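> Right, I'll just put the structure down here and ask away after.
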Amino acid sequence: MLLFVLLVFALILPFALLEAQIERLSVRIIDAAPGAPQLTAMIVGALALDVILPVPSSLVNTVAGATLGFAIGTLVCWIGMTLGCLFGYWIGSTGGTALIRRFLGERELQRAARLAGRLGGPTLVVMRAVPVLAEASAIAAGAARYPIARFLAVTCTANLGIVMAYAGIGAYAWSANSFPLAVAGAIVIPILAYATLRASAYWTGVRGATAVVAETGTPTAGAYVDTPEFTIAYRYPVAFTRGLFDPANTTLADILAADGTGVAKCLFLLDGGVVRSNPELPGGIEAYCAAHPTALQLLDAPRPVPGGEAIKRGFDQLPELYRLLLRNGVDRHAYVIAVGGGAVLDAVGFAAATAHRGIRHIRVPTTVLSQNDSGVGVKNAVNFDGVKNYAGAFAPPRAVLNDFDFLNTLPRRERVAGIAEAVKVALIRDRSFFRWLEGNGGALAGFAPQAEEYMVRRSAELHIDQIVKGGDPFETGSARPLDFGHWSAHKLEAITDHALRHGEAVAIGIALDARYSVLAGLLPEGEGVRIVDLLDRIGLPTWHPALEQRTADGGHAVLGGLREFQEHLGGELTITLLREIGVGIEVHEMDDALVLQAMHWLRERRRGG
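Here's what the structure looks like:
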């Protein structure tokens, strides 16, 4: 209510102070207009800008009716007023939401959105004919994220009633008191349109039901309600910093404060491996919270949890994670902050996504692989019966905070393995990034800070771009473009009982699919060699004896990864290969013979043959 009063006050001042001058200026401009096209453009422009300028829309509408005729005047004014509504909606939805969220808080904004959904239609209809409130209502509708399709339907029909009323009397009496007629037009025409739609729906339903009865001899067993389409907007910051838990670093405190929930109640769950490498970490987190008491409050001392694949092996660890959340009263307004590698982020993220049907989760990735790939995404999962990531959920985090200092304590093998995901995303999305990796392979292998930081940031950016702009962030289709090289990687991890790190298995999968792309005639021979050379230079493996492991019937076990890869999403098999470096291409079948040839090539290359 306060927001609405402020909007009205901000808009009414220019109307009260300047409308008379604007009206005289408008009359002079209209009188001087050389012809109908110019006048039409001026009318449309004036009405489109009415939301921010004190344009006398009633005068403009009646002038349009008098000079352009009823039909053309109605059309021109309707276009202008509808553009004005969209402009106001855009102002509210882009320029005003952040201010409103900070001013009212997230909960109040959500309540406003629900109220707009319930009462917005009738309110918009009535207000379309009321000076000042018409503009304020459009801005408020955008700020409350009133469904855009419904907003257009309501305002378009209301605008039609208004402009027909004004244009109809335009040639008759410019100075007549047309406000009651405008209100009547704004209300009557939408009512008639609504009544027509309802009657049509009823008649269609009756005819449809009659047809079913005639065909089957019995009434339909049930009815359904076609739920209107709705969307949920996701947005979360991905920060890159050093010394995240240094009290002088306000990154975490600022992000929690931006949520507008007051002091944030937090439970920290720490990767046990990270704690062993950083024994001062729990105390550092407690000191950080003590230094920022107005931003966050610890619900309990930071708690270590098993790291690596141990936490993802089935549901063994999930009950304990749930008990930690229950004991500490972690509700949907509190935060679970996971600090660790990709496995810990996956498991804790899954627990957070399913406890209370979803509680707020912040990720603090501590490995190269989780900072440049898995930690910035929207997936959470644990393994089950040997199937990787079988049980999980898509649940975007509240924020992702990457602290480069954590990388300094990683074992060399782990640190190198994470670079594989950067090579992968460069191959399918960014040729220039691949060239940069080629030029900095030695620096990356030596963990030069500037090169490593750029590699992590650019890889994370490309992964986020795919999630946001790829059109299928929750993988409802059959394609998995970000999983280039992964069909064999997942199988190799299982075959080796995770003796191969995920990044190492991905590197082998990249080499295998790059060579397959060459054999399939998609990728030039020289480009395939460049890819494997880069992996070798960084220190990533391109071959493992597990590729030759056989099943009981004598087949190659790794080929079973194709079937499992397809079963994970369902639908037809969809594998990403390379058309050129930086450009992926999806195929729906793989030739086993060519896969085996690619494996043979990698083995012989490894042997030096």
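End of the sequence shown = 605 in our numbering, gap-free, step of one. Each residue gets a CB set at the ideal place from its N, CA and C atoms; glycine is no exception. The structure displayed is predicted, hence computed values, not measured ones.
(1) What does the alpha-carbon distance come out to for the pair Arg425 and Ala42?
(2) On a CA-only basis, which of Arg323, Asp401, Arg356 is nearest Pro392? Give me that one, please.
(3) Helix, strand or coil for Arg533? Go by DSSP, reduced to three states.
(4) Residues in its own chain within less than 6 Å of Val452 by CB, not counting five upstream and five downstream?
(5) Could you check what DSSP says for Tyr331 in three-state terms: helix, strand or coil?
(6) Helix, strand or coil: how does DSSP classify His552 here?
(7) Sort Gly337, Arg328, Ala339 by Cα distance to Ala349 and report the nearest one.
(8) Would you call the segment 436 to 450 and the segment 474 to 489 in contact, with 3 or more CB pairs under 8 Å?
(9) Answer with buried or exposed for Val234, where buried requires no fewer than 16 other C-beta atoms within 10 angstroms of its C-beta.
(10) Are Leu536 and Ala413 close, meaning C-beta to C-beta below 9 Å?
(11) How many Å lie between Pro243 and Ser370 at the Cα?
(12) Counting only the same chain and skipping the five closest in sequence on each side, list residues whose C-beta sits under 6 Å from that of Ala553.
(13) Checking 9 Å against the spacing of the C-beta atoms, do Phe400 and Arg238 come in under that value?
(14) With Leu265 as the anchor, note down where its beta strand (DSSP E) starts and where it stops.
(15) Return the bridge partner residues of Ala154 from the DSSP annotation.
(16) In the structure shown, what three-state DSSP assignment does Phe236 receive?
(17) In whole angstroms, give me the CA-to-CA distance for Leu156 and Leu71.
(18) In terms of DSSP beta bridges, what is Leu292 paired with?
(19) Mapping the DSSP letters down to three states, classify Pro361 as helix, strand or coil.
(20) In chain order, what residues of the same chain lie with their CB nearer than 6 Å to the CB of Gly101, ignoring the 5 residues before and after it?
(21) Verify whether the separation of the beta carbon atoms of Gly280 and Pro300 is less than 9 Å.
(22) Could you tell me the distance, in whole angstroms, from the CA atom of Leu555 to the CA atom of Ala416?
(23) Would you call the segment 358 to 367 and the segment 376 to 385 in contact, with 3 or more CB pairs under 8 Å?
(24) Inspect the beta-carbon positions of Pro315 and Pro298 and report whether they are closer than 9 Å.
(25) Below 8 Å CB to CB, which residues in the same chain sit around Glu282 once its five sequence neighbours on both sides are set aside?
(26) Report buried or exposed for Thr572, applying the criterion of at least 16 other Cβ atoms within 10 angstroms of its Cβ.
(27) With distance defined between alpha-carbon atoms, name the residue in Gly557, Pro407, Leu598, Ser455 nearest to Met586.
(28) Go through the segment 421 to 504 residue by residue and report every complete run of the alpha helix (DSSP H) that reaches 4 residues or more, in order.
(29) Where do the ends of the beta strand (DSSP E) carrying Val380 lie?
(30) Taking the Cβ atom as the reference point for each residue, do Thr290 and Val259 lie within a distance shorter than 9 Å?
(31) Out of Ala67, Arg319, Asp312, Glu523, point me to the one whose CA is closest to Arg431's CA.
(32) Buried or exposed: which applies to Gly550, given that a residue is buried once 16 or more other Cβ atoms fall within 10 Å of its Cβ?
(33) Short check: CB of Val270 to CB of Phe470, under 9 Å?
(34) May I have a chain-ordered list of the beta strand (DSSP E) segments no shorter than 3 residues that lie completely inside the segment 557 to 600?
(35) Give the secondary structure of Gly604 by DSSP, where H, G and I count as helix, E and B as strand, and everything else as coil.
(36) For Ile39, I'd like the list of residues in its chain whose CB is within less than 7 Å of its CB, leaving aside the five on either flank, ordered along the chain.
Let me spell this out:
(1) About 45 Å.
(2) When the alpha-carbon of Pro392 is set against those of Arg323, Asp401, Arg356, the nearest one is in Arg356.
(3) Note: Arg533 maps to helix in three-state DSSP.
(4) Closer than 6 Å at Cβ, skipping near neighbours: Gln367, Asn368.
(5) In the structure shown, Tyr331 sits in a strand (DSSP, three-state: E or B).
(6) DSSP places His552 within a strand segment (E or B) once states are collapsed to three.
(7) The shortest Cα separation from Ala349 among Gly337, Arg328, Ala339 belongs to Arg328.
(8) In short, these stretches do not touch, since the Cβ pair count stays below three.
(9) Looking at its Cβ environment, which holds 16 or more other Cβ atoms inside 10 Å, Val234 is buried.
(10) For Leu536 and Ala413, yes; Cβs fall inside 9 Å.
(11) About 27 Å.
(12) Its chain contains Ile491, Gln545, Thr547 as the residues whose beta carbon lies nearer than 6 Å to that of Ala553, once the 5 sequence neighbours on both sides are disregarded; these appear in chain order.
(13) Yes, Cβ-Cβ distance for Phe400 and Arg238 is below 9 Å.
(14) In the DSSP assignment, Leu265 falls within the unbroken beta strand (DSSP E) covering 260 to 267.
(15) Answer is none; Ala154 lacks a bridge partner.
(16) It is a strand residue.
(17) Each residue's alpha carbon lies about 8 Å from the other.
(18) BP columns for Leu292 point to Ala260.
(19) Pro361 falls in the strand class under three-state DSSP.
(20) Low per-residue confidence applies at Gly101: pLDDT is 49, beneath 50, and the placement is therefore not dependable, though the value from the model is reported in the following sentence. The beta carbon of Gly101 sits closer than 6 Å to the beta carbons of Gly256 from its chain, once the five residues preceding and following it are set aside; these are given in chain order.
(21) Annotated as distal: Gly280 and Pro300, with beta-carbon spacing of 9 Å or more.
(22) Roughly 21 Å separates the two Cα atoms.
(23) Touching, no, given that fewer than three Cβ pairs across the two stretches are closer than 8 Å.
(24) Their beta carbons are not under 9 Å apart, which means Pro315 does not touch Pro298 by this criterion.
(25) Result list for Glu282: Leu294, Ala297, Pro298, in chain order.
(26) Thr572 is classed as buried because its beta carbon has at least 16 other beta carbons within 10 Å across all chains shown.
(27) It is Gly557 whose Cα lies nearest to the Cα of Met586.
(28) Taken in chain order, the unbroken stretches of alpha helix (DSSP H) that lie wholly in the segment 421 to 504 and span 4 residues or more are 427 to 435, 437 to 441, 445 to 465, 482 to 491.
(29) Reading off the sequence shown, one finds Phe at residue 380, where the question assumed Val. Counting along the chain, the beta strand (DSSP E) containing Phe380 begins and ends at 375 to 380.
(30) Their beta carbons are under 9 Å apart, which means Thr290 touches Val259 by this criterion.
(31) Closest option to Arg431, Cα to Cα, is Glu523.
(32) Its Cβ having fewer than 16 others within 10 Å, Gly550 is exposed.
(33) In this structure, Phe470 does not lie closer than 9 Å to Val270 by Cβ.
(34) Restricting attention to beta strand (DSSP E) runs no shorter than 3 residues, the segment 557 to 600 encloses them at 571 to 576, 579 to 583, ordered along the chain.
(35) Coil.
(36) Take Ile39, set aside five residues on each side of it, and the residues of its chain with a beta-carbon closer than 7 Å to its own are Val56, Ala60, Val72, Cys73, Gly76, in chain order.
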